[in-house]
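In what follows, a structure is listed as structure tokens, so that the remarks can point back to it.
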Amino acid sequence: MNEPAVVQIRNINKYFGEGATRVDALRDVSLDIFPGTVIGLRGPSGSGKSTLLNVIGCILEPNSGNMRLNGELVYDGRWLRSDLRKLRLEKIGFIFQAHNLLPFLNAWENVAIAQVLAGVAPAQASRRALELLDYLGVGRRKDAMPGQLSGGEAQRIAIARALSNDPRIILADEPTAALDSQRAGIVMDLLRKVAAERRTAVIVVTHDEKIFDRFDHIYSLRDGALELPDRMAA
Amino acid sequence: MNLALKDIRHSLGRFLLTCVGLSLLLGIVLAMVGIYRGLVLESLGLARAAGAHVWVVEGGTRGPFAESSRLPGDTRDIVAAQWGVAAAGAVAYQNVEATHRGATKRLLVVGAEIGRPGEATGLVAGRPIIRSRYEAVADRRAGLDLGERIELGRDTFTIVGLTENMVASGGDPVVFITLRDAQKLQFDLTPSAARREAARTPGAIVSTNTVNAVLVRLLPDVDGAQFAQTIERWKQLSALTQEQQENVLARPVIERARRQIGLFTSLLLLVSTVIIGLIIYTMTLDKKKSIATLKLIGAPDRTIVGLIVQQALGLGLISFAVGAVLINSAQGYFPRRLVLEPADAGTLFAAVLVVCLLASSLGVRTALKIDPASALAG
Ligand SMILES: Nc1ncnc2c1ncn2[C@@H]1O[C@H](COP(=O)(O)OP(=O)(O)OP(=O)(O)O)[C@@H](O)[C@H]1O
Ligand SMILES: [Mg+2]
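Residue numbers (my numbering), protein chains in the order written: chain D, 196 to 429; chain H, 2 to 379.
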């Protein structure tokens with residue numbers, strides 16, 4: 196790996212509550228994630244997987260440590276940027292377990308909205324949205340409302356949205372939990388394709404053993420602490 | 002891509018239902034203001050229609066409407082002889098209860114001289130009074146048709162013409178007859194004891210020759226206020242300019258109605274605020290997850306605030322427009338006269354904008370507090 200890490204985490208700690216009710220959700224976590232890799236995060240329920248993802252996504256402030264995203268120091272005991280949303284808009288794509296499409300926008304609008312928010316002209320945003328839907332094999336469904344989509348289709352549209360601003364990092368919290376193993380495989384292959392072709396770092400939280408072979412590295416969390424990589428793909 | 006619009010389209014039914022209710026409310030507000038304007042105009046209708054510049058009345062009074070005023074019948078000749086007068090006409094006003102087609106009607110009977118200030122103007126049907134006796138011009142609101150007969154006092158009158166919106170300040174429709182007929186009517190309606198008394202005295206007929214006011218139309222370039230001053234030199238006469246007369250007439254109506262209508266208007270606007278506030282708030286709660294998602298993706302606060310405020314404004318403006326159209330087209334069916342002035346509509350429009358902004362603040366506050374991380378949960 197001669198490219199620099201897109202995500203660089205050093206000694207991150209995050210706890211919830213105080214005193215007797217204190218829960219240490221992340222203990223001294225350090226981690227480097229490189230462009231073009233697909234990383235798995237596993238661990239028992241309550242081990243801190245979502246917490247770690249939220250910290251990387253700049254939606255949860257840690258208590259200590261530091262973090263660089265795309266080379267920029269964004270957290271060092273405190274947030275160093277006031278416009279975290281802009282950072283998210285431009286650099287990070289989110290894919291959710293429950294796919295979180297906006298119910299009042301149709302498929303292509305759901306993809307275009309992220310670009311429109313980032314200031315892309317509507318015509319250009321919609322063109323790119325349609326391209327992305329084609330790229331992910333759901334071009335036919337471009338006019339469907341979220342309520343009319345199958346779980347797999349919705350998930351692919353969510354991926355298209357996460358990709359639409361060409362983010363450096365994609366964060367996915369159990370993206371395949373609602374899918375059968377065949378569709379889960381398709382979604383993971385798509386994420387691998389995206390990582391390979393766009394040099395995006397993809398971080399996926401999963402319990403799903405059937406897709407463990409689709410990751411470049413899998414990290415395990417236990418009681419908020421990171422264990423050594425389980426396995427390296429060839 | 003307008004998110005507010007897209008979201009409204011997604012929950013169109015509820016939005017439109019709210020619009021319907023709200024447009025009725027705003028329509029009522031417009032109607033009340035219209036009724037108020039109508040009341041003020043009505044109170045002036047009779048005084049304006051006379052086309053007078055100066056009203057000559059009994060000395061020391063502000064008659065003939067606000068206070069009673071009695072003048073000798075020859076006052077008109079004296080006034081007409083003054084410099085600057087183009088025309089002068091004596092008038093007599095008399096409240097009368099008349100029975101017509103079995104129903105009792107309250108009317109204001111105006112006695113005026115043919116071809117002189119004070120006679121019926123602005124006829125919408127028929128012709129003016131041309132015979133000196135037993136002809137009448139009635140207002141449409143009296144419910145009398147052309148050619149119909151009505152008994153006033155001991156005489157029967159034929160309706161030869163109709164006016165519109167000519168009512169006394171209390172709302173009673175006006176019936177015009179000649180001054181001579183009116184003086185006879187006044188005599189007929191005087192309690193019989195007083196009449197017998199008058200009949201016994203020779204020359205008593207002269208005492209019925211009284212009028213309530215003399216209306217003066219001035220030559221161009223003659224100042225009304227100055228002319229009024231010259232009239233005031235006669236101790237037994239007072240004079241009001243048309244403007245003063247209108248103030249005397251309109252003030253009590255304005256003072257009475259403005260407070261009531263103002264109160265109801267404020268209450269209705271308050272109710273509108275609550276309705277808009279609640280509906281926008283529930284629409285925001287329904288969108289909690291979407292708003293969290295937008296924030297998570299990276300939408301700035303102004304996008305979120307814009308979404309909510311635009312919906313509130315949309316609700317208010319659509320309702321206002323529908324309400325205004327509704328009232329405009331229902332105008333003719335109102336039992337009272339509605340006067341819809343663009344300026345009033347403009348003021349209400351501005352008030353609706355303020356109401357929408359106020360109402361959306363609850364939704365906005367809720368939306369701004371939504372945690373982006375909540376989009377990730379389940
Ligand atoms: N907002 C919060 N307030 C208090 N405690 C929290 C909060 N979020 C998470 N925790 C706690 O932090 C710990 C880690 O939670 P986290 O959601 O990261 O676990 P997870 O590994 O994602 O679990 P799962 O597999 O069930 O999703 C848990 O003990 C949880 O109860
Ligand atoms: Mg979790």
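Note that beta-carbon positions come from the ideal geometry of N, C-alpha and C, so glycine has one too.
Just so you know, these numbers come straight off a predicted model, no measurement behind them.
Would residue i count as contacting chain H if we go by Cβ distances under 7 Å?
i: residue 311 (chain D); result: yes
i: residue 249 (chain D); result: yes
i: residue 428 (chain D); result: Low local confidence applies: a pLDDT of 44 at residue 428 (chain D) is under 50, so the model's placement there is unreliable, with the coordinate-based value given in what follows. So no, residue 428 (chain D) is outside the interface.
i: residue 368 (chain D); result: yes
i: residue 297 (chain D); result: yes
i: residue 419 (chain D); result: no
i: residue 325 (chain D); result: no
i: residue 280 (chain D); result: yes
i: residue 283 (chain D); result: yes
i: residue 254 (chain D); result: yes
i: residue 289 (chain D); result: yes
Let me check one thing: in DSSP terms, what residues is residue i bridge-paired to?
i: residue 199 (chain D); result: Answer is none; residue 199 (chain D) lacks a bridge partner.
i: residue 275 (chain H); result: In the DSSP output, where bridge partners are listed per residue, residue 275 (chain H) has none listed.
i: residue 160 (chain H); result: H:137
i: residue 415 (chain D); result: D:237, D:422
i: residue 364 (chain D); result: D:287, D:396
i: residue 218 (chain D); result: D:211
i: residue 262 (chain D); result: D:204, D:270
i: residue 227 (chain D); result: D:203
i: residue 369 (chain H); result: Residue 369 (chain H) pairs with nothing; no bridge assigned.
i: residue 59 (chain H); result: H:238
i: residue 175 (chain H); result: H:109
When the cut-off is 7 Å and only beta carbons count, does residue i lie next to chain D?
i: residue 301 (chain H); result: yes
i: residue 33 (chain H); result: no
i: residue 291 (chain H); result: yes
i: residue 383 (chain H); result: Shown here, chain H extends from 2 to 379; a query on residue 383 (chain H) therefore has no answer.
i: residue 367 (chain H); result: no
i: residue 370 (chain H); result: no
i: residue 2 (chain H); result: yes
i: residue 287 (chain H); result: no
i: residue 298 (chain H); result: yes
i: residue 377 (chain H); result: yes
i: residue 19 (chain H); result: no
i: residue 140 (chain H); result: no
i: residue 173 (chain H); result: no
i: residue 1 (chain H); result: Any question about residue 1 (chain H) goes unanswered here, given that chain H covers just 2 to 379.
i: residue 8 (chain H); result: yes
Are the C-beta of residue i and some C-beta of chain A separated by less than 7 Å?
i: residue 300 (chain D); result: Absent from the structure is chain A; the protein chains it does hold are D and H.
message: Assess contact between the region 173-182 of chain H and the region 8-20 of chain H, defined as three or more Cβ pairs (one per stretch) separated by less than 8 Å. Is contact present?
response: The answer is no - the region 8-20 of chain H does not touch the region 173-182 of chain H, with fewer than three Cβ pairs under 8 Å.
task: Would you list, in sequence order, the uninterrupted alpha helix (DSSP H) runs of no fewer than 4 residues that lie entirely inside the region 293-320 of chain D?
output: With a minimum length of 4 residues, the continuous alpha helix (DSSP H) runs that stay inside the region 293-320 of chain D are 302-312.
task: When you get a sec, list the residues whose CB is within less than 5 Å of any heavy atom of ligand 1, chain order please.
output: For ligand 1, the selected residues are D:211, D:218, D:220, D:240, D:241, D:242, D:243, D:244, D:245, D:246.
task: Take every Cβ of the region 267-284 of chain H, pair it with every Cβ of the region 108-120 of chain H, and state whether three or more of those distances are shorter than 8 Å.
output: In short, these stretches do not touch, since the Cβ pair count stays below three.
task: Please specify which runs of the beta strand (DSSP E), each continuous and at least 3 residues long, are wholly inside the region 79-130 of chain H, giving them in chain order.
output: Segments of the beta strand (DSSP E) lying fully in the region 79-130 of chain H: 86-101, 104-113.
message: Please give the ranges of any beta strand (DSSP E) in the region 291-349 of chain H, keeping only runs that are unbroken, at least 3 residues long and fully inside the region.
response: The qualifying runs do not exist here; there are none.
message: Tell me whether the region 53-60 of chain H and the region 346-365 of chain H touch, counting them as touching only if at least three CB pairs, one residue from each stretch, are closer than 8 Å.
response: Contact annotation: the region 53-60 of chain H does not touch the region 346-365 of chain H, with fewer than three C-beta pairs closer than 8 Å.
message: Tell me whether the region 364-376 of chain D and the region 345-356 of chain D touch, counting them as touching only if at least three CB pairs, one residue from each stretch, are closer than 8 Å.
response: Yes, the region 364-376 of chain D touches the region 345-356 of chain D.
query: Hey, is the region 258-271 of chain H in contact with the region 250-267 of chain D, meaning 3+ C-beta pairs nearer than 8 Å?
result: No contact exists between the region 258-271 of chain H and the region 250-267 of chain D.
query: Are there three or more Cβ pairs, one per stretch, closer than 8 Å when the region 230-248 of chain H is compared with the region 6-13 of chain H?
result: Taking a cut-off of 8 Å for Cβ pairs, the region 230-248 of chain H and the region 6-13 of chain H do not touch, as fewer than three such pairs fall below it.
- request: Evaluate contact between the region 314-329 of chain H and the region 296-308 of chain D, counting only Cβ atoms and requiring at least three cross-stretch pairs below 8 Å.
  value: No, the region 314-329 of chain H does not touch the region 296-308 of chain D.
query: Between the region 284-300 of chain D and the region 294-311 of chain H, are three or more C-beta pairs nearer than 8 Å?
result: Taking a cut-off of 8 Å for Cβ pairs, the region 284-300 of chain D and the region 294-311 of chain H touch, as three or more such pairs fall below it.
message: Measuring CB atoms only, is the region 223-238 of chain D touching the region 411-421 of chain D, in the sense that at least three cross pairs come out at less than 8 Å?
response: In short, these stretches touch, since the Cβ pair count reaches three.
- prompt: Should the region 398-412 of chain D be regarded as contacting the region 208-218 of chain D, the criterion being three or more beta carbon pairs within less than 8 Å?
  reply: Output reads no: the region 208-218 of chain D does not touch the region 398-412 of chain D.
Sufficient close CB pairs (3 or more, under 8 Å) joining the region 397-406 of chain D to the region 228-235 of chain D: The answer is yes - the region 228-235 of chain D touches the region 397-406 of chain D, with three or more Cβ pairs under 8 Å.
- prompt: Can we say the region 208-223 of chain H touches the region 151-162 of chain H, given the rule of at least three CB pairs closer than 8 Å?
  reply: Result no; under three Cβ-Cβ pairs closer than 8 Å.
- prompt: For the 8 Å Cβ check, are there 3 or more pairs between the region 99-106 of chain H and the region 129-145 of chain H?
  reply: The region 99-106 of chain H and the region 129-145 of chain H touch, with no fewer than 3 CB-CB distances between them shorter than 8 Å.
Contained alpha helix (DSSP H) runs [length at least 4] in the region 320-384 of chain D, N- to C-terminal order: Within the region 320-384 of chain D, complete alpha helix (DSSP H) segments of at least 4 residues are found at 346-358, given in chain order.
task: Determine, using beta-carbon pairs with one atom in the region 27-41 of chain H and one in the region 321-335 of chain H, whether at least three such pairs fall under 8 Å.
output: Judged by Cβ distances under 8 Å, the region 27-41 of chain H makes contact with the region 321-335 of chain H, as three or more pairs qualify.
Segment contact flag, the region 318-329 of chain D with the region 375-394 of chain D, C-beta cutoff 8 Å, min 3 pairs: No, the region 318-329 of chain D does not touch the region 375-394 of chain D.
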